[in-house]
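Asks:
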Amino acid sequence: MSALSSLAPLGDAASTVAAHVDAARLLRSIETLASFGARSDGGVDRPALSERDLDARRYLIDRATELGCTVTTDACANLFIRRPGSENLAPVMTGSHADTQPSGGRLDGCYGVLAGIECIAALNDAGVRTRRPLDVVVWTNEEGTRFQPGAMGSSAFVQPALMERYRTVSDANGVTLAEALDAHANAFPSLTARAEQTPGHAFIELHIEQGPQLELADLPLGIVSGIQGVRWYAVTCNGVAAHAGTTPMPARRDAMTLAIAVRAEIDAFAHTLGLADTRVTFGRWSVTPNSINTIASCVTFTVDFRHPDERVLAAFDQQIAQCAQRHGVALEALFSHAPVDFAPALLTRLSDAADALDAPTMKLTSGAFHDAMYLAQHCPTAMLFVPSRDGISHNPLEHTDDDYLVLGTRALAHCLTALCNDA
Ligand code: HGY
Ligand code: MN
Ligand code: MN
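The sequence shown finishes on residue 1674 if you use the working numbering, and the numbering steps up by one all the way, no holes.
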């Protein structure tokens, strides 16, 4: 029997802590965190390690300190909020990310961080001392919009050698990750480095589904069995800048015309390969000189391809490389992660917690990637979802009903308390 399946006497400790989750305190913390980088349309724009992200981190560190926790960091500015246990055992870990999309919502990532902190507050209020320490982690740059690739903090945590390359990555303004990390260190000079640890006992990430499945099934909780694979590429098409009025059409080398043709070809084989499960997105475009009356000399666009089958992902890699070569365009691989299956024993523990709260659930895989995809290399890992209204996310309209947010937090508290008392 794995350590995870040795159910410690749950007794009422887990249920007591779940009952001490304070709905108003949780919802208030979501509103407060959303204020850092608030948009006028109700969304949030908080790039990783930006000034507003540093402000958000200061709020999280202050809350952790008020709860009697210690906060440490590491080479990628991940924050580790620790509630000590009575024994020096491997910690139970939870958490998510606090950086957002440029026109993001207030829950993506943030909910998992704040629910973890609420679990600590509930443990304190319940007066429960657990055997194992509990770590709530704020992973750096999960979204990957300011610095590519995504999930930088969690990937560097499990593969520290990645930091050498990551530190040289620049954002759109030419600021390197190294410079952003220095600004973070200057903002929080008293943060000490996390001592090297044995692998965690378990990692649970609570997150909004960001898709429609739970809402369509009218269910409040999803037990996430895995995450589909992902590929990010940048395609650069070159042409010749020329006058929009004087240059005859046959004489043009229009980079945008080439880019549109290449995009169409990628879109076509992505759907042929992946069939109904294909998710292909061409989300970011940059045009040079980007002038209304000059023919484009250079167009770069990104490709985000997702699929649950590793063979389809490999076939996509092959076909996009052949397509780039055929058209004479440059192809840069930005990010790649295989599909992930989570730990069955941990899925059972999450189901036990939901059952204890009489909450019906369904199993599903995640269409979005998460830090948990890397933590699965570190220790037994699983995720818990709550529904997203209309399945919308990466959009200011992102919303989850308060009752679901609270129930998800209670289920997380129940499961973490039980895991923290594992032998
Ligand atoms: O792109 C993703 O799947 C995640 O939301 N960052
Ligand atoms: Mn997220
Ligand atoms: Mn996201």
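Beta carbons are placed, not taken as given, at the ideal position from N, Cα and C, and that holds for glycine.
Enumerate in chain order the residues of its own chain whose CB-to-CB distance from alanine 1259 is below 7 Å, with the five nearest sequence positions on each side excluded.
Replies: Confidence at alanine 1259 is low in this model, with a pLDDT of 40, below 50, so the placement of that residue is unreliable and no value is reported for it.
Asks: Assuming leucine 1457 and glycine 1363 are in contact, meaning their beta carbons sit under 8 Å apart, how far apart are those beta carbons, in whole angstroms?
Replies: At roughly 5 Å, the Cβ-Cβ gap stays under 8 Å, so leucine 1457 and glycine 1363 are in contact.
Asks: If you draw a straight line from the alpha carbon of serine 1405 to that of leucine 1330, how long is it in whole angstroms?
Replies: So the two alpha carbons sit approximately 11 Å from each other.
Asks: Under 8 Å: do the region 1414-1426 and the region 1370-1379 share three or more Cβ pairs, one atom per stretch?
Replies: They do not touch, by the three-pair rule.
Asks: Quick check: what's the CA-CA separation for glycine 1367 versus threonine 1660?
Replies: Approximately 8 Å between the Cα atoms of the pair.
Asks: Measuring from the CB of histidine 1645, is there a heavy atom of ligand 3 at a distance below 7 Å?
Replies: Result yes, Cβ under 7 Å from ligand 3.
Asks: Is DSSP giving glutamate 1561 helix, strand or coil here?
Replies: Reduced to three states, the DSSP call for glutamate 1561 is helix.
Asks: State the start and end residues of the unbroken alpha helix (DSSP H) segment that holds aspartate 1652.
Replies: Note, aspartate 1652: premise wrong, no alpha helix (DSSP H); not H, not E.
Asks: State yes or no: is the C-beta of methionine 1344 within less than 8 Å of the C-beta of valine 1272?
Replies: Taking 8 Å as the Cβ cut-off, methionine 1344 and valine 1272 do not qualify as a contacting pair.
Asks: According to DSSP, is glycine 1642 helix, strand or coil?
Replies: If DSSP states are grouped into helix, strand and coil, glycine 1642 belongs with the helices.
Asks: At a cut-off of 7 Å, would you count alanine 1285 as near ligand 4, judging by its Cβ distance to the nearest heavy atom?
Replies: As for ligand 4, it is missing from this structure, which binds only ligand 1, ligand 2 and ligand 3.
Asks: From the DSSP output, in three-state form, read off asparagine 1437 for me.
Replies: Here asparagine 1437 sits in helix by DSSP.
Asks: Pull up the distance between the alpha-carbon of alanine 1492 and that of alanine 1429, whole angstroms please.
Replies: Using only the alpha carbons, I get a separation of about 35 Å.
Asks: So within the region 1561-1591, which uninterrupted alpha helix (DSSP H) runs reach at least 4 residues, ignoring any that extend past its ends?
Replies: The region 1561-1591 contains these whole alpha helix (DSSP H) runs: 1561-1578.
Asks: Using 8 Å as the threshold, is the region 1265-1285 in touch with the region 1389-1397, meaning 3 or more CB pairs across them?
Replies: In short, these stretches do not touch, since the Cβ pair count stays below three.
Asks: Consider the Cβ of alanine 1270: report whether some Cβ of chain B lies at a distance smaller than 8 Å.
Replies: Chain labels in this structure do not include chain B; a single protein chain is all it has.
Asks: Report all residues from its chain with a CB closer than 6 Å to the CB of leucine 1261; omit the five preceding and five following residues, and keep chain order.
Replies: Low confidence applies here, because leucine 1261 scores a pLDDT of 47, under 50, leaving its location unreliable and the question unanswered by this model.
Asks: Tell me isoleucine 1312's beta-bridge partners as DSSP assigns them.
Replies: Looking at the DSSP assignment, isoleucine 1312 forms no beta bridge with any residue, so it has no partner.
Asks: Taking the straight line between their C-alpha atoms, what separation do you get for aspartate 1606 and leucine 1656?
Replies: Cα to Cα, the separation comes out at about 17 Å.
Asks: For aspartate 1622, count the other beta carbons within 10 Å of its own beta carbon; 16 or more makes it buried, fewer makes it exposed. Which is it?
Replies: Buried, since its Cβ has 16 or more Cβ neighbours within 10 Å.
Asks: Three or more beta-carbon pairs under 8 Å between the region 1574-1586 and the region 1479-1486, yes or no?
Replies: Touching, yes.
Asks: Please give me, in chain order, every unbroken run of the alpha helix (DSSP H) with length at least 4 that falls completely inside the region 1496-1530.
Replies: List check, alpha helix (DSSP H) in window: 1506-1525.
Asks: Give the straight-line distance between the Cα atoms of alanine 1566 and leucine 1524, rounded to the nearest whole angstrom.
Replies: One C-alpha to the other measures close to 7 Å.
Asks: Roughly how many angstroms lie between the CA atoms of leucine 1585 and phenylalanine 1556, to the nearest whole one?
Replies: Going by the C-alpha atoms only, they are around 12 Å apart.
Asks: Which residues bound the alpha helix (DSSP H) around glutamate 1415?
Replies: Element bounds for glutamate 1415: 1414-1417.
Asks: Specify which residues have a beta carbon nearer than 6 Å to any heavy atom of ligand 1, listing them in chain order.
Replies: Result (chain order): Glu1393, Glu1394, Gly1401, Ala1619, Phe1620.
Asks: If you measure from each residue's Cβ to the nearest non-hydrogen atom of ligand 2, which ones come out under 5 Å, in chain order?
Replies: Going by the Cβ distance cut-off, the answer is Asp1359, Gly1360.
Asks: Beta carbon of leucine 1615, beta carbon of glycine 1473: below 8 Å?
Replies: Yes, they are a contact pair.
Asks: Using only the alpha-carbon positions, how far apart do proline 1540 and alanine 1512 sit?
Replies: Cα-Cα distance, rounded: 20 Å.
Asks: Taking the alpha carbon of aspartate 1350 as the point to measure from, which residue in Asp1304, Thr1427, Thr1532 has its own alpha carbon closest?
Replies: Out of Asp1304, Thr1427, Thr1532, Asp1304 has the C-alpha closest to the C-alpha of aspartate 1350.
Asks: Would the C-beta of glutamine 1399 count as close to ligand 3, meaning under 7 Å from any of its heavy atoms?
Replies: Glutamine 1399 Cβ: outside cutoff for every heavy atom of ligand 3.
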